[in-house]
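**Q** As you go down the protein sequences, you meet chains W and X in turn. Following the working numbering, the numbering of the first sequence begins with 71 at its first residue and continues without gaps. Following the working numbering, the numbering of the second sequence begins with 71 at its first residue and continues without gaps. For glycine and all other residues, C-beta sits at the position ideal for the given N, C-alpha and C.
There are 2 protein chains.
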Amino acid sequence: MEQLLRRIDEEITSSGGKRSRGRGQIIEIFFRSRRHLTVEELTRKVRVKNRNIGSATVYRTLKLLTKMGYAKELDFGEGAKRYESNLTEHHDHLVCTACGKVSEFEEPGIENLQEEVARRHGFSPTMHRLAIYGYCSRCAPSVDTVKSGS
Amino acid sequence: MEQLLRRIDEEITSSGGKRSRGRGQIIEIFFRSRRHLTVEELTRKVRVKNRNIGSATVYRTLKLLTKMGYAKELDFGEGAKRYESNLTEHHDHLVCTACGKVSEFEEPGIENLQEEVARRHGFSPTMHRLAIYGYCSRCAPSVDTVKSGS
DNA sequence: TTGGCTGCAAAACGTTTGCATGTCT
DNA sequence: AGACATGCAAACGTTTTGCAGCCAA
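1. Quick check: is the beta carbon of LEU132/X nearer than 7 Å to any beta carbon in chain W?
2. Taking only the alpha-carbon atoms, compute the straight-line gap between LEU157/W and VAL118/X and give it to the nearest angstrom.
3. Can you tell me whether DSSP reads TYR129/X as helix, strand or coil?
4. Quick one, which of PHE175/X, PHE193/X and MET197/X has its alpha-carbon nearest GLY192/W's?
5. Considering only the beta carbon of each residue, do ALA168/X and TYR205/X sit closer than 7 Å?
6. 7 Å is my cut-off, CB to CB: does VAL216/W come that close to chain X?
7. Restricting to Cα atoms, I'd like to know which of ALA210/W, GLU181/W, HIS160/W and ARG199/W is closest to PRO195/X.
8. Pull the bridge partners of SER103/X from the DSSP assignment, please.
9. Would you check if the distance between the CB atom of LEU200/X and the CB atom of LEU200/W is smaller than 7 Å?
10. Against chain W, with Cβ distances strictly below 7 Å, would ARG105/X count as a contact?
11. In chain order, what residues of the same chain have a beta carbon less than 8 Å from the beta carbon of TYR81/W, not counting five sequence neighbours either side?
12. Which residue's Cα is closest to the Cα of TYR203/W: GLU148/W, LEU107/W and VAL187/W?
13. Per DSSP, what kind of secondary structure is ILE123/W in: helix, strand or coil?
14. Measure the C-alpha to C-alpha separation of SER85/X and VAL109/W and round it to an integer number of angstroms.
15. Taking only the alpha-carbon atoms, compute the straight-line gap between GLU181/X and PRO178/W and give it to the nearest angstrom.
16. Mind checking which residues open and close the beta strand (DSSP E) that includes LEU200/W?
17. In chain W, what lies closer than 8 Å to MET61/X by C-beta?
18. Below 6 Å CB to CB, which residues in the same chain sit around ALA188/W once its five sequence neighbours on both sides are set aside?
19. Closer than 7 Å, Cβ to any Cβ of chain X: which residues of the segment 179-196 of chain W, in chain order?
20. Listing by chain order, which chain W residues have their CB less than 9 Å from the CB of GLY164/X?
21. Give a yes or no on whether 7 Å exceeds the smallest Cβ distance from ALA141/W to chain X.
22. Could you give the residue range of the alpha helix (DSSP H) that holds GLU72/W?
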C-alpha cells in the first residue's frame, strides 16, 4: 500500500506534477476504501480528515488516477459515476436493481469469447464493461405460490 | 410496424393514458429510426414533422417506452444517454473510442455463460449490458513496424 | 368536464472550468 | 520565484419538474 502510494507519487512528480497534502489524502483514502465510490462519497470521507478539501479536487484527482490507469470509471446508471481501483484482477458486476447491492465476478470463459467476437469483427479491444442486472438472492421476488402463501 | 404502434397505443390507453398526436409521432419516428438515438437527435427529427414538440415530451415518451419495455437505455459514456428499440434480438455493442462508431454483435455463448454465472451467485438476471471498447478496423493503430515503415 | 398531456422555462443534478490564492520545490 | 494545485463559485450539458393551458375521451 505505502509502496503503491509512493509509486503513484513518483509517477506524478516525474511528469512535472507536485506532491500536495490534499491530493495525497484523497488518493490514500480512495485506495483504502471499499469499492465503487461516487465522488460525493469519497469527498465526504476525505473531508472528515481534512475539512478544506472540495469536490472539485476530488474530481480532478480521480480523473488523474483514471488517466494514469490506477482507477476505473463505472456507470451503473444511477446518475453519478462510480470509481474503483484498477489494480485488482479484472472483474465484472452483478447489480441488484432492488437493493442496489453490487457484487463482482470473474469468468474467464466470457473474457475469451469477447476476445474472439472482437477479432471476428476486426476490432481491437482495449477494455470492456459487463454488468448483469437483476435481483440478488435476498431480493428475489418470492419464488412461487406454494400453499398460496400470504 | 402499424401493428406495433397499435399495440403500444392500446397498452397506454388501457392503463389510463391517452392517445396524443405528438406522442404518437415521437413513438413512430423512434421505431423507424436507426439505432442509438440521443434525446436531442430524436427531438430534432420529430421537430421536422411537428415544430411544436419540445424535448421534455421526448424525454417523457422515451421514459414511458422504457418502462413499458419497448425501449432500452444505453450509456456509452458520452454524457448523454442513447435509446434503442428493445424489440430486436438481444445484442451487445462494440464501441470504437477513436471514431465513436458503434456496431453490434450477438454471441449466444456469452449469454449462456452469463446465465450460469448469475445462477452460481444466486442472482436472478433480468437484463445485462456488455460493451467492448477499443478500435474498429478503420481506426486500429497502425498494425506493426514491418520493414520499419515510417 | 375531467384528467391526462403539452410546451415552456426554471430547477436540479453531476461535472467542469476560470480565477485568485495557496503550496510545493 | 515559478509552476502546479486548490477552493470557491459560476458555467455547463443533460435531465426533471412545476405550472398554466390544451386536448382527447
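**A** Let's see:
1. no
2. Whole-angstrom Cα-Cα distance: 49 Å.
3. helix
4. PHE175/X
5. yes
6. Residue placement at VAL216/W cannot be trusted, given a pLDDT of 39 that sits under 50; the coordinates are not used to answer.
7. Ranking ALA210/W, GLU181/W, HIS160/W and ARG199/W by Cα distance to PRO195/X puts ALA210/W first.
8. The partner list for SER103/X (beta bridge, DSSP) is empty, contrary to what the question assumes.
9. yes
10. ARG105/X does not count as touching chain W.
11. In the sequence as presented, Tyr is not what sits at residue 81/W; that position holds Glu. Same-chain partners within the cutoff: MET138.
12. Of the listed residues, the one whose Cα sits closest to TYR203/W is GLU148/W.
13. coil
14. 40 Å
15. 14 Å
16. Looking at the DSSP string, the run of the beta strand (DSSP E) that includes LEU200/W is 194-205.
17. Residue 61/X cannot be examined here, being either before or after the span of chain X that is shown, 71 to 220.
18. Counting only Cβ-Cβ distances below 6 Å, and skipping sequence neighbours, we find PRO195.
19. GLY179, ILE180, LEU183, GLN184, VAL187, ALA188, HIS191, GLY192, PHE193, SER194, PRO195 and THR196
20. It should be pointed out that residue 164/X corresponds to Leu in this sequence rather than to Gly. Going along chain W in sequence order, the residues near LEU164/X (Cβ under 9 Å) are VAL187, ALA188, HIS191, PHE193 and PRO195.
21. It does not; no Cβ of chain X falls within 7 Å.
22. Element bounds for GLU72/W: 72-83.
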